[in-house]
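Peer 1: Have a look at this one before I ask anything.
Protein chains: 2
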Amino acid sequence: MEYDGGPFVGWQRQDTGPSIQAALEDAVFALSGERVHVQCAGRTDAGVHARGQVAHFDIAAEKRIEEVRGAITFHLKPNPIVVIAAELAPKGFHARFSATYRRYRYRILSRRSPPALERGHVWHVPVPLDVEAMGEAAAVLVGTHDFNSFRSTSCQAKSSVKTLEELSVIRCGEEIHLDVGARSFLHNQVRILAGTLQMVGRGQWSRADVAAALAARDRTRAGPTAPPDGLCLMEVRYDGRSEADGDAEEPVDED
Amino acid sequence: MEYDGGPFVGWQRQDTGPSIQAALEDAVFALSGERVHVQCAGRTDAGVHARGQVAHFDIAAEKRIEEVRGAITFHLKPNPIVVIAAELAPKGFHARFSATYRRYRYRILSRRSPPALERGHVWHVPVPLDVEAMGEAAAVLVGTHDFNSFRSTSCQAKSSVKTLEELSVIRCGEEIHLDVGARSFLHNQVRILAGTLQMVGRGQWSRADVAAALAARDRTRAGPTAPPDGLCLMEVRYDGRSEADGDAEEPVDED
């Protein structure tokens, strides 16, 4: 699925406003008459976008997969949420627990003027950033570490040890893209990584400061949590296979 | 300037709704207390965007150029219009009449699902398009031709002969970008080019059909006018120098 996170309180159903989960569950109800729980791979926060979110649900009604895709897309209107592809899942598949790789992109707009066209989709940092220094500091964070400094204080995960497979810093015209990949992430981890690398880009922090922040295992030692606007869930993989590619395959019964 | 054309009736001041010109003229008034006419390089239609629009105005008040940029950006809020760069123009400069090259991009989203993230910024064509065939047909249109088939029936230009310097068809993931450059364009020319090449991409028209449409000099023989959403004014040049680069230079007195 692709969605614009701007108008939503986030993926998760909440009393405080519209969520992507509730919109999807309503669409599934319109299709099947069944009230289901839709589970996703990456529970994005308010304002965070997705180009390659994956979700699953179980319904008793027998439907052709093409009918499911079409009907859900139809019933999701006018929400800015679309289903790119749908397929019958193998038994035991869970969008969240079966996922083996998640890739996010964090977009920074580094120029004096605020965005007009990308408003809500980039973090505006109105000064030049040293992309090379950011890339060097990013290398410190790749690998298996205790990322306790890089998670929200409300993060529920039991362990804060994670393996960052990829953290690339790429200049793209006036934008800087942070491409971040791992099996799983802590709450706000990518946004705190972005907030921290931005400090390096401004020349206020060195690579050694980032290493010290990581070693401290203390949230107050890392940089600020960057705003949700710049964040987008790009891709989720299952056993190395990209679901975001959208090419349907025959499901394999894994039981 | 960069702007999101979505909420506007177009560049030009009209009684029917908010225009980019009126927003700018109000911002100049807030800066200088002077009611001026702001002139631009490309008078974009309703819903058409810009990343590199150029405009000029004359005020009597003496202001530092940095103050002009900052104040206009400030007074344009909350409109999705920003000033990327400002500079003192040489005497005799006219944003429209001095321009020697304009480059537009037309974005087509070629996939089954409608856009969620790029809504209002792409033309959604829900079938696969043959990009190679589109590129070959585009070559027919490059050069100096009578583009009478490729202009709105309400186009005011005396001559419909124009020189298309560039018409590239580039695949960019799920999008197809038409990059179109010329000294000047007819009304709706880029959108009719996009609508016509889309017919080729669908396999409904051949390269020879496009050549015949051009030769006919008859609007009814070309393809449909593609929607404004996909169109963006990317760059305007003056004597080969790109104003969209935004690097200020000392003005040269040409009188």
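Chains A and B supply the protein sequences, listed in that same order. Heads up, my numbering is the position in the first sequence plus 1, with the first residue counted as 1. Heads up, my numbering is the position in the second sequence plus 1, with the first residue counted as 1. Every residue, glycine too, gets a C-beta built ideally from N, C-alpha and C. Keep in mind that this is a model prediction, so the values were computed, not measured.
1) When the Cα of A/GLY196 is compared with those of A/HIS95, A/ALA72, A/VAL126, which residue comes out closest?
2) Counting C-beta neighbours from all protein chains within 10 Å, is the total for A/GLN199 16 or more, i.e. buried, or is it exposed?
3) Which residues, taken in chain order from the stretch 52 to 68 of chain A, show a beta carbon closer than 8 Å to some beta carbon of chain B?
4) Can you tell me whether A/LYS1 is buried or exposed? The criterion is at least 16 other CB atoms within 10 Å of its CB, across all chains shown.
5) Can you list, in chain order, the residues of its chain with a C-beta nearer than 7 Å to that of A/GLU1? Leave out the 5 residues immediately preceding and following it.
6) Would you mind telling me which residues of chain B sit closer than 8 Å to A/TYR107, beta carbon to beta carbon, in chain order?
7) Shortest alpha-carbon distance to A/GLN157 belongs to which of A/GLN190, A/ASP131, A/ALA62?
8) Any idea if B/ASP240 is buried or exposed, counting beta-carbon neighbours within 10 angstroms, 16 or more meaning buried?
9) Please report the Cβ distance between B/ILE85 and B/GLU3, rounded to the nearest whole angstrom; I am assuming they are in contact, meaning their Cβ atoms lie under 8 Å.
10) Please name the residue, chosen from B/ALA90, B/ALA100, B/GLN205, B/ILE193, that lies closest to B/VAL128 on a Cα-to-Cα basis.
11) A/HIS125 touches chain B at which residues, Cβ-Cβ below 8 Å?
12) If you measure from the beta carbon of A/GLU255 to each beta carbon in chain B, is any gap under 8 Å?
13) Would B/ALA24 be called buried (16 or more neighbouring beta carbons within 10 Å of its own) or exposed?
14) Are any of the Cβ atoms in chain A nearer than 8 Å to that of B/ILE82?
15) Between B/ALA72 and the ligand GTP, is there a pair consisting of the residue's CB and a ligand heavy atom that are separated by less than 7 Å?
16) Examine chain B for any beta-carbon lying closer than 8 Å to the beta-carbon of A/ALA117, and answer yes or no.
17) Rounded to whole angstroms, what's the CA-CA distance from A/CYS173 to A/ARG106? Just pull it up for me.
18) Could you check where the alpha helix (DSSP H) with A/VAL211 kicks off and where it finishes?
19) Take B/PHE94 and list the residues in its own chain whose beta-carbon comes closer than 7 Å to its own, dropping the five residues that flank it on each side.
20) Relative to chain B, which residues along the stretch 152 to 169 of chain A have a C-beta separation below 8 Å, given in chain order?
21) Note down the Cα distance separating A/TRP12 from B/GLN13, rounded to an integer number of angstroms.
22) What do you reckon, are the CB atoms on B/ARG222 and B/SER150 nearer than 8 Å?
23) For a contact meaning CB atoms closer than 8 Å, what does B/GLU3 contact in chain A?
24) Where do the ends of the alpha helix (DSSP H) carrying B/MET235 lie?
25) Can you list, in chain order, the residues of its chain whose CB lies under 6 Å from that of B/ARG104, leaving out five sequence neighbours each side?
26) Looking at A/GLY136: is its Cβ nearer than 8 Å to the Cβ of A/VAL170?
27) Just to make sure I have the definition right: I need the residues of chain A whose C-beta is within less than 7 Å of the C-beta of B/ILE85. Which are they?
28) In chain order, what residues of the stretch 23 to 55 of chain A put their CB closer than 9 Å to some CB of chain B?
29) At 8 Å on the CB atoms, spell out the chain B contacts of A/THR74, in chain order.
30) If the criterion is Cβ atoms closer than 8 Å, does the pair B/SER33 and B/LYS78 meet it?
31) Would you kindly work out how many angstroms separate the C-alpha atoms of A/PRO228 and A/ALA62, rounded to a whole number?
32) Please go through the same chain and pick out, in chain order, the residues whose beta-carbon is closer than 7 Å to the beta-carbon of B/GLY7, but skip the five residues on each side of it.
33) Please look up how many angstroms separate the CB atoms of A/ILE66 and A/ALA42, rounded, as I've assumed it's under 8 Å.
34) Could you give the uninterrupted runs of the alpha helix (DSSP H) lying entirely in the stretch 180 to 205 of chain B, keeping only those of 4 residues or more?
35) Quick one: measure Cβ to Cβ for B/ILE73 and B/ALA28, integer angstroms, because I've assumed they're closer than 8 Å.
36) Specify the secondary structure class of A/LEU142 as computed by DSSP and reduced to three states.
Peer 2: This is what the structure gives:
1) A/VAL126
2) buried
3) ARG52
4) The structure shown does not extend to residue 1 of chain A, since chain A is modelled only from 2 through 256, so no value can be given for it.
5) The structure shown does not extend to residue 1 of chain A, since chain A spans only 2 to 256, so no value can be given for it.
6) Per Cβ cutoff of 8 Å: no residues; A/TYR107 is ~15 Å from chain B at best.
7) A/GLN190
8) exposed
9) 6 Å
10) B/GLN205
11) Simply none; closest approach about 10 Å.
12) The pLDDT assigned to A/GLU255 is 29, lower than 50, so where the model puts this residue is not dependable; a value taken from the coordinates is nonetheless given after this. No, its Cβ sits nowhere closer than 8 Å to a Cβ of chain B.
13) buried
14) yes
15) Of the ligands one can find in the structure shown there are none, so the ligand GTP has no counterpart to examine.
16) yes
17) 12 Å
18) 208 to 217
19) HIS57
20) none
21) 40 Å
22) yes
23) SER114, PRO116, ALA117, LEU118
24) Element bounds for B/MET235: not the alpha helix (DSSP H) but the beta strand (DSSP E), 232 to 239.
25) GLY182, MET235, GLU236
26) yes
27) SER114
28) HIS50, ALA51, ARG52
29) SER114, PRO115
30) no
31) 41 Å
32) GLY48, GLY121
33) Their Cβ separation, rounded to whole angstroms, is 19 Å, which puts A/ILE66 and A/ALA42 out of contact at 8 Å.
34) 190 to 202
35) 5 Å
36) helix
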